[in-house]
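Report on one structure; see the data block that follows.
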Amino acid sequence: MKKKIILSIFLLILILTGLGVYCINGDKISKNVYVQNINIGDLTKDEAKDKLSSEYKIQSFKFNYKEKTWDIDPKTLDINYDLDKTINKAYDVNRKGNIIQNIFKSLQNLAGIKTKVNLVISCDEDKLKSELEKISKEVNKDSKDATIKIEKKKVKVVKEETGLKLDIEKTKENFIEDINKGKSTQKLVVSQIKPKIKSSDLKGIDTLLGSYSTTLYDSGYGRVQNIKLATKKTSDVILMPGETFSYNKHTGVRSAENGYKLAHVISSGKVAYGIGGGVCQVSSTLFNAVLYSGLDIVSRTNHSIPSTYVDLGRDATVSDSGIDFVFKNNYKHPVFIKNNYKDGVIKCQIFGHKSDKKNIEISTKYGYNITTYRTYYDNNKKEIKKEAVCTSAYLSRSH
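Quick note: the sequence shown uses my numbering, first residue 5, plus one each step.
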């Protein structure tokens with residue numbers, strides 16, 4: 005009982021002392037209240053403002069990423085210290101909320117325990133975003149998938165590269181938060197963009213699965229340029245297991261805006277002039293390389309009349325109106341498509357895993373329509389299977 009009385013008296017004295025301190029503050033900020041590292045405790049609002057004004061000057065800010073630094077002039081972002089709001093926040097310490105809690109906090113301040121208040125800083129967020137967009141042009145980097153290079157008939161895997169992207173919104177949020185804590189240097193928030201294809205995915209590509217070449221007889225400037233362009237756009241392609249290759253998707257629309265020229269084309273059974281003439285020789289050459297590689301043909305259409313550069317049943321026409329040449333990687337390993345044009349010869353090659361190498365012969369059977377067959381043989385040249393790949397019907401067999 006005696007202990008309870010003593011404890012009650014002690015608490016009463018503590019509360020009365022705290023209440024006295026609480027009241028003594030009057031129009032002054034509580035003791036040991038700091039704005040950043042500056043003590044403005046036991047000062048009036050005007051005194052605190054004078055002190056902060058002398059201590060804080062608008063300074064430049066910095067963004068950094070790794071070894072790179074960007075200096076930002078505060079005027080560029082309309083950065084300003086709001087001393088009035090800051091001082092009002094400091095003045096409210098131990099004044100708002102539960103009175104008992106405020107009394108105890110006042111006692112803590114009196115005992116030397118600090119209360120920190122952040123400096124209120126404003127900036128133009130639109131201008132901040134604009135500055136970060138400029139910085140992003142220096143930071144951002146596209147990821148690069150691992151790929152294949154053919155050097156002296158040998159397959160070489162080129163390692164992938166991780167991309168970088170500046171997170172503008174997150175960096176902006178962090179900047180506004182940090183400048184209100186007195187920080188003048190802000191780390192950019194940069195995320196990594198992982199490539200889709202890694203070098204480890206391509207290590208099994210070491211064997212030529214299928215190859216085919218055709219010769220360019222029409223050496224007109226437009227046709228040559230179209231063939232060079234189509235060859236380039238459809239080359240150096242990695243096709244992962246289960247993926248399909250669309251010729252039209254890779255070449256894009258055959259238009260002057262995309263770099264294609266006027267040249268001979270086959271239209272409605274006749275030879276005429278049109279934009280993109282010659283791209284069908286590339287698609288036909290690739291079609292034959294695909295046949296020899298054993299990949300699945302998804303979509304293929306013959307020309308309306310026979311072509312001069314491949315046998316009947318061995319061509320593959322394309323058009324912007326919807327006719328496409330599409331094939332699929334039906335293997336469990338990726339394949340690599342390498343096309344090349346040099347000295348009037350188009351060469352298409354498909355590389356893959358040695359376990360996917362097949363002994364294949366291509367043949368055609370003439371009838372009302374022409375059927376193209378693909379025959380598979382074992383190492384002893386014994387037939388394993390024969391499949392009809394496609395049929396072709398031509399208006400005329402005269403070139």
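Glycine included, every Cβ here is placed at the ideal spot set by N, Cα and C.
On the CB-based measure, 16 or more other CB atoms within 10 Å of its CB, does residue i come out buried or exposed?
i, result
"Gly-317", "buried"
"Ile-354", "buried"
"Ala-392", "exposed"
"Gln-285", "buried"
"Val-97", "buried"
"Val-322", "buried"
"Asn-306", "buried"
"Ile-388", "exposed"
"Thr-235", "buried"
"Gly-326", "exposed"
Quick check on the DSSP output: the beta strand (DSSP E) that includes residue i runs from which residue to which?
i, result
"Glu-365", "363 to 370"
"Val-269", "266 to 271"
"Asn-92", "Where Asn-92 is concerned, there is no enclosing beta strand (DSSP E), although the alpha helix (DSSP H) it sits in stretches over 87 to 95."
"Lys-148", "Taken as a continuous stretch (DSSP letters only), Lys-148 belongs to no beta strand (DSSP E), as it is neither H nor E."
"Ile-76", "72 to 76"
"Tyr-69", "65 to 69"
Please list, in chain order, all residues of the same chain as residue i whose beta carbon is under 7 angstroms from its beta carbon, the five residues on each side excluded.
i, result
"Lys-358", "Asp-210, Thr-211"
"Ala-94", "Ile-33, Val-37, Val-39, Ile-44, Ala-52, Val-121"
"Lys-118", "Asn-36, Tyr-38"
"Glu-164", "Lys-148, Asp-149, Ala-150, Pro-199, Ile-201, Lys-202, Ser-203"
Excluding the 5 residues flanking residue i on each side, which residues of the same chain have their C-beta closer than 6 angstroms to its C-beta?
i, result
"Met-244", "Pro-338"
"Gly-282", "Arg-227, Asn-230, Ile-231, Ala-267"
"Gly-167", "Lys-145, Asp-146, Ser-147, Ile-197"
"Ser-288", "Val-314, Asp-319, Ala-320"
"Tyr-216", "Thr-289, Asn-292, Ala-293, Cys-352"
"Ala-397", "Asn-373"
"Val-330", "Thr-248, Ser-250, Val-302, Ser-303"
"Lys-369", "Thr-375"
"Gly-278", "Val-269"
Quick check on the DSSP output: the alpha helix (DSSP H) that includes residue i runs from which residue to which?
i, result
"Lys-133", "129 to 143"
"Asn-41", "Here Asn-41 belongs to no alpha helix (DSSP H), and DSSP marks it neither H nor E."
"Thr-238", "Unbroken run through Thr-238: none, as it is neither H nor E."
"Lys-253", "251 to 255"
"Asp-54", "49 to 59"
Take residue i as the anchor and find which of the options has the nearest alpha-carbon.
i, options, result
"Thr-219", "Gly-348, Lys-386, Gly-356, Tyr-85", "Gly-348"
"Ile-270", "Thr-119, Leu-399, Val-97", "Leu-399"
"Asp-50", "Lys-336, Thr-90, Lys-274", "Thr-90"
"Val-257", "Lys-141, Lys-153, Asn-41, Gly-280", "Gly-280"
"Tyr-377", "Gly-298, Ile-309, Lys-385", "Gly-298"
"Tyr-409", "Lys-362, Gly-263, Lys-237", "This structure cannot speak to residue 409, because the chain is shown only from 5 to 403."
"Lys-157", "Lys-342, Ser-367, Asn-383, Lys-265", "Lys-342"
"Asn-68", "Cys-127, Leu-192, Asn-252, Tyr-335", "Leu-192"
Give every residue of the same chain whose Cβ lies closer than 8 angstroms to the Cβ of residue i, excluding the five residues on either side of it in the sequence, and list them in chain order.
i, result
"Lys-207", "Val-161"
"Leu-63", "The sequence shown places Gln at residue 63, rather than the Leu named in the question. Within the same chain, Gln-63 has close Cβ partners Pro-78, Ser-188."
Legend entry - Start-end ranges of the beta strand (DSSP E) lying completely within the region 329 to 389, minimum 3 residues: Taking 3 residues as the minimum length, the beta strand (DSSP E) runs contained wholly in the region 329 to 389 are 330 to 332, 339 to 346, 349 to 356, 363 to 370, 374 to 381, in order along the chain.
Legend entry - In chain order, each beta strand (DSSP E) run of at least 3 residues that lies wholly inside the region 153 to 232: If we require 3 residues or more, the beta strand (DSSP E) runs fully inside the region 153 to 232 come out as 158 to 162, 167 to 170, 189 to 191, 194 to 197, 211 to 219.
Inset, instruction - Please go through the region 271 to 323 and give each complete alpha helix (DSSP H) segment of 4 or more residues, from N-terminal end onward. - result: Positions of the alpha helix (DSSP H) runs, each at least 4 residues long and wholly inside the region 271 to 323, are given as 283 to 297 in order along the chain.
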